[in-house]
Amino acid sequence: MSRARTGWLMPLSIIVALLLGLLPLPDTLQPLRPYWLALVVAYWVIEAPDSAGLGFAVIVGLVADLMFGTLLGEQALRLLIMAFILQRFRARLRFFPMSQQALAIGGLLLNDRIVTTVVHLALGEPTLPWQYWWAPLLGMLFWPPLFVLMDALRLGRRRRG
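Residue numbers (the numbering used here): 1030 to 1190.
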C-alpha cells in the first residue's frame, strides 16, 4: 500500500537528486554542494521504511557510482551506512523537532565525509580538500525545507487519491 502512495514521487525525487549531483557548478561553489542524494534517501528511509531500506540505499548508491564515475561501491557503502543508522534510530528521529532532526542529519552527513575520507585513504586515492567539509553544514540547512517539500508532495497526493 505504501508503494502506491509514493509511486511516482520516490523515483522522481531520486532522479532529481542525481541530476542535482551532476549539475555543473563553478569551482568556488563545488565544495559547498550538499549531498542531495543522501538527503533524499534519508527522507525515504525515515518516512517510507517499507519501501526504502538498506537494499534501496545500495541500489541507489550503485546507480550514483555509475552516473558520477566514482569508485564502484563507494556511494553505495556511504548510503548503506547512513540508511543503517537511520533505520536504527528512525522511531526517535521521526518525533524530533525539525531543528534537532536537522542536527542529526548534519551529523550523518559529517559521518559520510569521514567514511569517504577513510575509503579514499584505504585505497590510496586523493582525499577531498578541507573546503568540502562545509557541505554537511549546508546539507543540514537544506534538510528542513527539503523535508517539508517532500512531505507536502507525498501527503498531498495521498489526500487527493
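Every residue gets a Cβ at the ideal spot worked out from N, C-alpha and C, and that includes glycine.
| With 16 other Cβ atoms within 10 Å as the buried cut-off, status of Leu1115 | Counting other Cβ atoms within 10 Å of its Cβ, Leu1115 reaches 16 or more and is therefore classed as buried.
| said: Looking only at its chain, what residues have a beta carbon closer than 7 Å to the beta carbon of Gly1190, apart from the 5 residues adjacent to it on each side? | reply: Bear in mind that a pLDDT of 48 at Gly1190, under 50, signals an unreliable position, so the model cannot answer this.
| request: Can you say whether Arg1200 is buried or exposed, counting buried as having 16 or more other CB atoms within 10 angstroms of its CB? | output: Residue 1200 falls outside the range modelled here, since the chain spans only 1030 to 1190, and no answer is possible.
| said: Classify Arg1123: buried if its beta carbon has 16 or more other beta carbons within 10 angstroms, exposed otherwise. | reply: With fewer than 16 other Cβ atoms from the protein chains shown falling within 10 Å of its own Cβ, Arg1123 counts as exposed.
| field | Cβ separation of Pro1060 and Pro1158, assumed to be a contact under 8 Å, to the nearest whole Å | value | Right, their Cβ atoms sit about 7 Å apart.
| said: Quick check: the Cα distance between Ala1046 and Leu1132, rounded to an integer number of angstroms? | reply: Distance between the alpha carbons of Ala1046 and Leu1132: 21 Å.
| Would Arg1135 pass as a contact of Met1169 if the rule is Cβ separation under 8 Å? | Reading off the sequence, residue 1135 comes out as Gly, not Arg. Yes, they are a contact pair.
| message | I'd like to know if Leu1066 contacts chain D, where contact means its C-beta is closer than 8 Å to some C-beta of that chain. | response | Reference to chain D is not applicable here, since this structure consists of a single protein chain.
| said: In the DSSP assignment, the alpha helix (DSSP H) including Glu1076 goes from what residue to what residue? | reply: The continuous alpha helix (DSSP H) containing Glu1076 extends over residues 1065 to 1076.
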